[in-house]
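Structure first, then comments.
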Amino acid sequence: MTDQAKQKLQVAFEQELPSLDLSNCALTSMPVMLSEMPWLTKLNLSKNPFTNLDLTPFSCLPNMEVLYLESLQLNSFPETLQLLTKLKNLHLANNNIVKLDEMIDKLPNLTKLRNGVKINFYSLIKYFVARRGTAISSGY
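Quick note: to get my numbering, add 11 to the position in the sequence shown (first position is 1).
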């Protein structure tokens with residue numbers, strides 16, 4: 012973790028900031044300090060070289076509404092995300108996720124999904140229109 016990431020975490024913790032951008036901060040694992048910030052509503056973890064993406068700290072983020080997990084080489088939808096019941100916007104572009112529908116059903120407030128084109132986009136559009144009326148974007 013870079014000094015910049017440590018500083019951002021410390022400031023967000025001390026000032027109870029609702030938004031935290033840790034993108035491109037050379038994170039190789041989830042900062043444990045995140046589990047001590049239940050007030051967070053927006054978090055960006057994109058473009059980090061995670062070697063162990065343990066999303067357990069998400070269980071301590073009950074107010075999360077916007078989450079960026081882009082370009083993390085994810086192969087599947089992280090099941091821990093279903094704990095984020097207030098999540099409205101989820102950004103998963105540039106990952107390798109091929110199946111989303113079952114897990115997305117467990118996010119009742121999701122209204123925006125930004126995903127790459129590695130899935131059957133037509134099927135996903137059809138799914139959202141039929142089930143949720145959720146807006147989605149291919150990110151391109």
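For glycine and all other residues, C-beta sits at the position ideal for the given N, C-alpha and C.
(request) Mark P60 as exposed unless 16 or more other C-beta atoms lie within 10 angstroms of its C-beta, in which case mark it buried. (result) Within the sequence shown, residue 60 is the residue found at index 49, counting from 1. Counting the other CB atoms within 10 Å of its CB gives P60 a total below 16, which places it among the exposed residues.
(request) Apply the 10 Å Cβ neighbour rule to A16 and answer buried if 16 or more other Cβ atoms are within range, or exposed otherwise. (result) The residue labelled residue 16 in the question sits at position 5 within the sequence shown. Buried, because 16 or more other Cβ atoms sit within 10 Å of the Cβ of A16.
(request) Work out the CA separation of M114 and E90 for me, nearest whole Å. (result) For the purposes of this step, residue 90 is taken as residue 79 along the sequence shown, with counting starting at 1. For the purposes of this step, residue 114 is taken as residue 103 along the sequence shown, with counting starting at 1. E90 and M114 have their C-alpha atoms some 7 Å from each other.
(request) May I ask you to report which of helix, strand or coil DSSP gives L66? (result) Taking the sequence shown and counting its residues from 1, one reaches residue 66 at position 55. Under the three-state reduction of DSSP output, L66 falls in the coil class, being neither helix nor strand.
(message) Going residue by residue through the segment 13-59, where are the continuous alpha helix (DSSP H) segments of at least 4 residues, counting only ones entirely within it?
(response) 14-26, all fully within the segment 13-59.
(message) If distances are taken between C-alpha atoms only, which option among L56, T13, L121 and K19 comes closest to N106?
(response) The residue labelled residue 106 in the question sits at position 95 within the sequence shown. Out of L56, T13, L121 and K19, L56 has the C-alpha closest to the C-alpha of N106.
(request) Quick one: using the 10 Å Cβ neighbour count with 16 as the cut-off for buried, is N120 buried or exposed? (result) Taking the sequence shown and counting its residues from 1, the one referred to as residue 120 is at position 109. Taking every protein chain shown into account, the CB of N120 has fewer than 16 other CB atoms within 10 angstroms, so this residue is exposed.
(message) Measuring alpha carbon to alpha carbon, tell me which residue in I108, V109 and F88 is nearest L118.
(response) For this step, residue 118 is matched to residue 107 along the sequence shown. Ranking I108, V109 and F88 by CA distance to the CA of L118 puts F88 first.
(request) Mark T13 as exposed unless 16 or more other C-beta atoms lie within 10 angstroms of its C-beta, in which case mark it buried. (result) The residue you call residue 13 lines up with position 2 of the sequence shown. Per the 10 Å Cβ criterion, exposed.
(request) Please confirm if N107 has its CB atom under 8 Å from at least one CB of chain D. (result) Looking at the structure shown, chain D is missing, and only one protein chain is on hand.
(request) For P73, count neighbouring Cβ atoms within 10 angstroms of its own Cβ and tell me buried if that reaches 16, exposed if not. (result) For the purposes of this step, residue 73 is identified with residue 62 of the sequence shown, where counting begins at 1. Around the beta-carbon of P73, fewer than 16 other beta-carbon atoms lie within 10 Å, marking it exposed.
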